[in-house]
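Asker:
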Amino acid sequence: MSETDTSEAPRRRRGGGRAGRIAVREAAPERDRRPVRPGLPAGRFKPLTESDMQQVYDTAVGLLEDVGMGDPLDEFVEAATPVGGWLDDNGRIHLPRGVVERAIETAAKEWIWHGFDDDQSVHVGGEHVYFGTSGAAVMMYDHETGTFRDSLAQDVYDCGRLVDTLDNLHFYVRTVVARDMVETRDLDMTTAYAVMCSTTKPGGSSWFEPEWVYESVEMFDLVLGGEGEFAKRPFIAANNTFVVPPLRFAYDSARCLVAQVRTGMPINLLSALQAGATAPAALAGALAQAVAECLGGLTFVNLLSPGHPCLLGLWPFVSDLRTGAMSGGSGEEGILNAAAAEVGHWLGLPTGVAAGMTDSKVNDAQAGYEKGLNVGLAGHAGANIVYESAGMLASLLACSHEALVIDNDMLGAINRTVRGIEVNADTLSAELIGEVIAGPGHFLGSPQTLELMETEYLYPLVSNRDTPEDWTEAGSRPAHDVAHDHVVATLENHWPSHISSAVDAAIRDAFPIGLAPQGPAIEAAAS
17 MSETDTSEAP RRRRGGGRAG RIAVREAAPE RDRRPVRPGL PAGRFKPLTE SDMQQVYDTA
77 VGLLEDVGMG DPLDEFVEAA TPVGGWLDDN GRIHLPRGVV ERAIETAAKE WIWHGFDDDQ
137 SVHVGGEHVY FGTSGAAVMM YDHETGTFRD SLAQDVYDCG RLVDTLDNLH FYVRTVVARD
197 MVETRDLDMT TAYAVMCSTT KPGGSSWFEP EWVYESVEMF DLVLGGEGEF AKRPFIAANN
257 TFVVPPLRFA YDSARCLVAQ VRTGMPINLL SALQAGATAP AALAGALAQA VAECLGGLTF
317 VNLLSPGHPC LLGLWPFVSD LRTGAMSGGS GEEGILNAAA AEVGHWLGLP TGVAAGMTDS
377 KVNDAQAGYE KGLNVGLAGH AGANIVYESA GMLASLLACS HEALVIDNDM LGAINRTVRG
437 IEVNADTLSA ELIGEVIAGP GHFLGSPQTL ELMETEYLYP LVSNRDTPED WTEAGSRPAH
497 DVAHDHVVAT LENHWPSHIS SAVDAAIRDA FPIGLAPQGP AIEAAAS
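Under my numbering, read the sequence shown as residues 17 to 543, first letter to last.
(1) For a minimum of 3 consecutive residues, which ranges assigned as the beta strand (DSSP E) are wholly contained in the stretch 119-172?
(2) Quick one: using the 10 Å Cβ neighbour count with 16 as the cut-off for buried, is proline 456 buried or exposed?
(3) Could you tell me whether the stretch 178-193 touches the stretch 202-221, where touching means 3 or more Cβ pairs closer than 8 Å?
(4) In angstroms, rounded to a whole number, what distance separates the CA positions of glutamate 143 and glycine 392?
(5) Against chain B, does methionine 342 count as a neighbour if the rule is that its beta carbon must be under 8 Å from one of theirs?
(6) Which two residues bound the contiguous alpha helix (DSSP H) that contains valine 93?
(7) What does the Cβ neighbour count give for alanine 341, buried or exposed, with the cut at 16 atoms within 10 Å?
(8) Buried or exposed, going by whether 16 or more other CB atoms sit within 10 Å of the CB of alanine 298?
(9) Could you tell me the alpha carbon to alpha carbon distance between aspartate 104 and valine 402, rounded to whole angstroms?
(10) Is DSSP giving glutamate 24 helix, strand or coil here?
(11) Do the CB positions of glutamate 472 and proline 51 come within less than 8 Å of each other?
(12) Going by DSSP, which residues form a beta bridge with arginine 435?
(13) Express the C-alpha separation of serine 543 and valine 145 in angstroms, rounding to a whole number.
(14) Quick one, are the C-beta atoms of glycine 398 and histidine 361 less than 8 Å apart?
(15) Apart from the five residues on each side of it in sequence, which residues of its chain come closer than 6 Å, Cβ to Cβ, to isoleucine 538?
(16) How many Å lie between glycine 364 and histidine 500 at the Cα?
(17) Give the DSSP bridge partners of leucine 103, in chain order.
(18) Taking the runs of the beta strand (DSSP E) that are 3 residues or longer, which of them lie wholly in the stretch 293-381?
(19) Can you give me the Cβ contacts of phenylalanine 265 inside the same chain, cut-off strictly under 8 Å, excluding the 5 residues immediately before and after it?
(20) Which residues in the same chain have their Cβ closer than 8 Å to the Cβ of alanine 169, if we skip the five residues on either side of it in sequence?
(21) To the nearest angstrom, report how far apart proline 528 and proline 484 are at their CA atoms.
(22) Quick check on isoleucine 252: does DSSP put it in helix, strand or coil?
(23) Answer with buried or exposed for glutamate 199, where buried requires no fewer than 16 other C-beta atoms within 10 angstroms of its C-beta.
(24) Report back the beta-carbon spacing between isoleucine 252 and glycine 219 to the nearest angstrom; my notes put them in contact at under 8 Å.
(25) Glycine 131 and valine 115 look like a contact to me (Cβ under 8 Å); what is the Cβ gap, rounded to whole Å?
(26) Measure how close the beta-carbons of aspartate 158 and arginine 165 come, nearest whole angstrom, since I'm counting them as under 8 Å.
(27) Give the range of the alpha helix (DSSP H) segment to which alanine 542 is assigned.
(28) Does proline 98 pass the burial test, meaning 16 or more other C-beta atoms within 10 Å, or should it be called exposed?
(29) What are the residues that DSSP puts in a beta bridge with glycine 220?
(30) Please report the distance separating the alpha-carbon of leucine 328 from that of threonine 367.
(31) Could you give the C-beta distance for leucine 420 and alanine 406, rounded to a whole number, given that I count them as a contact under 8 Å?
(32) Here's the rule I'm using: 16 or more other beta-carbon atoms within 10 Å means buried, otherwise exposed. How should alanine 446 be labelled?
(33) Does the separation of the CB atoms of alanine 302 and leucine 289 fall below 8 Å?
(34) Thinking C-beta only, is threonine 374 closer than 8 Å to glutamate 386?
(35) Leucine 389 by DSSP, collapsed to three states: which one?
(36) Exposed or buried, arginine 29, counting other C-beta atoms within 10 Å across all chains shown (16 or more means buried)?
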């Protein structure tokens with residue numbers, strides 16, 4: 017065919033049995049028959065050997081016994097010394113191996129991170145893997161202006177509303193810092209409120225002062241109907257960076273940790289060291305230090321309250337050694353997170369890692385490959401909770417609404433690879449292959465194709481699979497622009513209503529909430 021003929025060439029027919037396929041798609045499968053779903057079993061990728069993990073563990077418990085943890089609270093010293101711990105002349109608390117191993121034995125191996133909707137609850141532990149958000153970004157990549165600005169309380173709420181609509185994000189831990197809140201009480205209470213009200217999925221936040229932990233739990237109890245109800249059904253978990261690497265307690269965070277234990281709040285025990293800066297540049301050494309710090313925190317939590325719901329928050333970050341800056345999207349970060357997840361599995365403890373931390377400043381090719389690599393490795397290594405997996409830019413300095421939507425597609429695809437391939441007599445399809453060869457010559461209209469269309473295959477929300485011709489005719493729009501449409505539609509129309517206007521008014525009467533009433537119903541009741 018000549019070049020002049022190509023514009024007139026008929027397009028290849030891509031379908032067959034189209035009406036049947038449309039009918040199948042309109043009848044969405046039940047939740048447990050969807051191609052991907054929360055909590056799929058994972059852990060096939062194993063970057064460390066058994067010997068490697070034993071050496072990492074031995075080094076970690078050796079550090080806790082020989083070096084100890086600096087600046088312990090009095091509560092920690094009082095809990096550890098009766099069981100064999102000791103305080104040295106430099107004020108470091110030492111934990112014998114046996115004390116740490118008893119804590120591992122008594123630690124909660126599985127627990128429920130509740131959603132307001134029971135179907136959204138997260139089963140933490142075992143082989144389950146879930147993807148969601150986290151962060152303390154100080155900037156938003158503004159979806160209206162396409163520029164960076166300070167993050168606000170409204171952004172905390174709006175990010176949660178977006179997460180509420182995105183099927184492949186299973187929980188919402190606050191993504192940004194509400195920089196319009198000046199006082200720590202206002203910041204802690206407003207952030208907890210915004211997370212709680214923005215989604216029915218499990219939520220999470222952080223606190224600066226223990227007093228605001230107790231006050232937040234009062235607010236949570238009010239929502240659930242009475243004092244003590246939150247401890248029975250915790251729907252908010254704490255991200256607590258309780259340690260200043262290397263191996264020293266962060267005073268205010270440690271005080272918050274005690275408050276979180278006393279109120280029944282689940283805790284992500286975070287070690288956020290940085291290889292080459294606050295931890296050894298050797299990746300094995302950074303991993304061993306992170307394990308030591310997290311096991312130190314776990315030991316003290318279980319001395320205070322055996323079996324308290326916790327995660328080993330193994331977040332070993334890495335540096336670009338040319339500059340000392342964090343490099344969240346690097347291959348080193350990916351393999352370190354995967355190794356951390358494997359060690360957590362090996363210990364039998366619920367484990368969370370941070371993946372999806374691109375160094376790119378926009379939603380470009382760099383962001384795509386860095387996030388895909390890092391989140392994919394973390395998921396396949398079996399991290400129970402994959403934080404930071406959507407929305408973040410600029411090495412965690414910024415968050416983007418459009419990135420949340422784009423990354424939702426990425427997470428669905430990754431979760432589909434985690435699910436794997438079911439191999440049995442039916443799926444091998446030998447009989448069907450013979451029937452098709454003897455009959456129509458294609459599988460497009462076969463009952464198996466129609467049956468598996470919505471249970472075996474996943475379809476993206478914004479990613480484009482059109483032909484170049486169709487894509488061009490539709491405006492040649494990149495994924496960012498399509499995601500922007502979803503952002504605008506969601507922020508204009510989606511107003512979660514699980515907190516009634518009466519309860520919202522009671523909250524505002526009792527606590528300092530620095531976020532204006534949200535949604536038509538709440539706004540009308542407040543006016």
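The beta carbon of each residue, even a glycine, is placed where N, CA and C say it ideally should be. Only a predicted model underlies this, so the values are computations on that prediction, with no experimental measurement involved.
Answerer: On the basis of the coordinates in this document:
(1) Runs of the beta strand (DSSP E) inside the stretch 119-172: 126-129, 138-141, 144-147, 155-157, 164-166.
(2) Position 440 of the sequence shown, counting from 1, holds the residue named residue 456. Classification for proline 456: exposed.
(3) yes
(4) If you number the sequence shown from 1, residue 143 lands on position 127. If you number the sequence shown from 1, residue 392 lands on position 376. Cα to Cα, the separation comes out at about 16 Å.
(5) Among the protein chains of the structure shown there is no chain B, as only one such chain exists.
(6) Walking along the sequence shown from the start, residue 93 turns up at place 77. Looking at the DSSP string, the run of the alpha helix (DSSP H) that includes valine 93 is 90-96.
(7) Reading the sequence shown from its first residue, position 325 is the one you call residue 341. The residue is exposed, with fewer than 16 neighbouring Cβ atoms inside 10 Å.
(8) Here residue 298 refers to the residue found at position 282 when the sequence shown is read from its first residue. Exposed, because fewer than 16 other Cβ atoms sit within 10 Å of the Cβ of alanine 298.
(9) Start at 1 with the first residue of the sequence shown, and residue 104 comes out as number 88. Start at 1 with the first residue of the sequence shown, and residue 402 comes out as number 386. Computed Cα separation, rounded: 37 Å.
(10) Indexing the sequence shown from 1 puts residue 24 at position 8. For glutamate 24, the predicted model reports a pLDDT of 39, less than 50, meaning its position is unreliable; a value from the coordinates is still stated below. Three-state DSSP puts glutamate 24 in a helix.
(11) The residue labelled residue 472 in the question sits at position 456 within the sequence shown. The residue labelled residue 51 in the question sits at position 35 within the sequence shown. Going by C-beta atoms, glutamate 472 is nearer than 8 Å to proline 51.
(12) One-based indexing of the sequence shown puts residue 435 at position 419. By DSSP's assignment, arginine 435 forms no beta bridge with any residue.
(13) Along the sequence shown, read from residue 1 onward, the residue named residue 145 stands at position 129. Along the sequence shown, read from residue 1 onward, the residue named residue 543 stands at position 527. For valine 145 and serine 543, the distance between alpha carbons rounds to 43 Å.
(14) On the sequence shown, residue 398 is found 382 positions in, with the first residue counted as 1. On the sequence shown, residue 361 is found 345 positions in, with the first residue counted as 1. Yes.
(15) As a first step, residue 538 is located in the sequence shown; it is residue number 522 there, counting from the start. Contacts found: Ser517, Asp520.
(16) Here residue 364 corresponds to residue number 348 of the sequence shown, with the count starting at 1. Here residue 500 corresponds to residue number 484 of the sequence shown, with the count starting at 1. Cα to Cα, glycine 364 sits roughly 41 Å from histidine 500.
(17) The sequence position of residue 103 within the sequence shown is 87, counting from 1. Ile109, per the DSSP bridge assignment.
(18) 326-330, 333-336, 367-370
(19) Here residue 265 refers to the residue found at position 249 when the sequence shown is read from its first residue. Contacts found: Met85, Gly86, Asp87, Pro88, Leu89, Phe92, Phe258, Val259.
(20) Translated into the one-based positions of the sequence shown, residue 169 becomes position 153. Closer than 8 Å at the Cβ level, and outside the excluded window around alanine 169, lie Ala194, Asp196, Met197, Thr206, Thr207, Ala210, Gly530, Leu531.
(21) As a working mapping, residue 528 is identified with position 512 in the sequence shown. As a working mapping, residue 484 is identified with position 468 in the sequence shown. Using only the alpha carbons, I get a separation of about 53 Å.
(22) By 1-based counting over the sequence shown, the position of residue 252 is 236. Isoleucine 252: strand per DSSP, three-state reduction.
(23) In the sequence shown, counting from the first residue as 1, residue 199 sits at position 183. With fewer than 16 Cβ atoms within 10 Å of its Cβ, glutamate 199 is classed as exposed.
(24) Residue numbering aside, residue 252 sits at position 236 when the sequence shown is read from its first letter. Residue numbering aside, residue 219 sits at position 203 when the sequence shown is read from its first letter. The Cβ separation is near 5 Å, so the contact holds.
(25) The count along the sequence shown starts at 1 and reaches residue 131 at position 115. The count along the sequence shown starts at 1 and reaches residue 115 at position 99. 35 Å between Cβ atoms; not a contact.
(26) As a working note, residue 158 is residue 142 in the sequence shown. As a working note, residue 165 is residue 149 in the sequence shown. About 5 Å separates the two Cβ atoms, so the contact holds.
(27) By one-based count along the sequence shown, residue 542 stands at place 526. Looking at the DSSP string, the run of the alpha helix (DSSP H) that includes alanine 542 is 536-542.
(28) Within the sequence shown, the letter at position 82 stands for residue 98. By the neighbour-count rule (16 or more Cβ atoms within 10 Å), proline 98 is not buried but exposed.
(29) Taking the sequence shown and counting its residues from 1, the one referred to as residue 220 is at position 204. Answer by DSSP bridge pairing, in chain order: Val189, Ala253.
(30) Your numbering for residue 328 matches position 312 in the sequence shown. Your numbering for residue 367 matches position 351 in the sequence shown. Straight-line Cα distance between these residues: approximately 5 Å.
(31) Residue numbering aside, residue 420 sits at position 404 when the sequence shown is read from its first letter. Residue numbering aside, residue 406 sits at position 390 when the sequence shown is read from its first letter. Contact holds; Cβ gap of about 5 Å.
(32) If you number the sequence shown from 1, residue 446 lands on position 430. Flag for alanine 446 reads exposed.
(33) Translated into positions along the sequence shown, residue 302 becomes position 286. Translated into positions along the sequence shown, residue 289 becomes position 273. Their beta carbons are under 8 Å apart, which means alanine 302 touches leucine 289 by this criterion.
(34) Numbered from its first residue, the sequence shown carries residue 386 at position 370. Numbered from its first residue, the sequence shown carries residue 374 at position 358. In this structure, threonine 374 lies closer than 8 Å to glutamate 386 by Cβ.
(35) On the sequence shown, position 373 is the one that residue 389 refers to. If DSSP states are grouped into helix, strand and coil, leucine 389 belongs with the helices.
(36) By 1-based counting over the sequence shown, the position of residue 29 is 13. Reliability fails at arginine 29, whose pLDDT of 35 lies under 50, so the model's placement of it is uncertain and no value is given.
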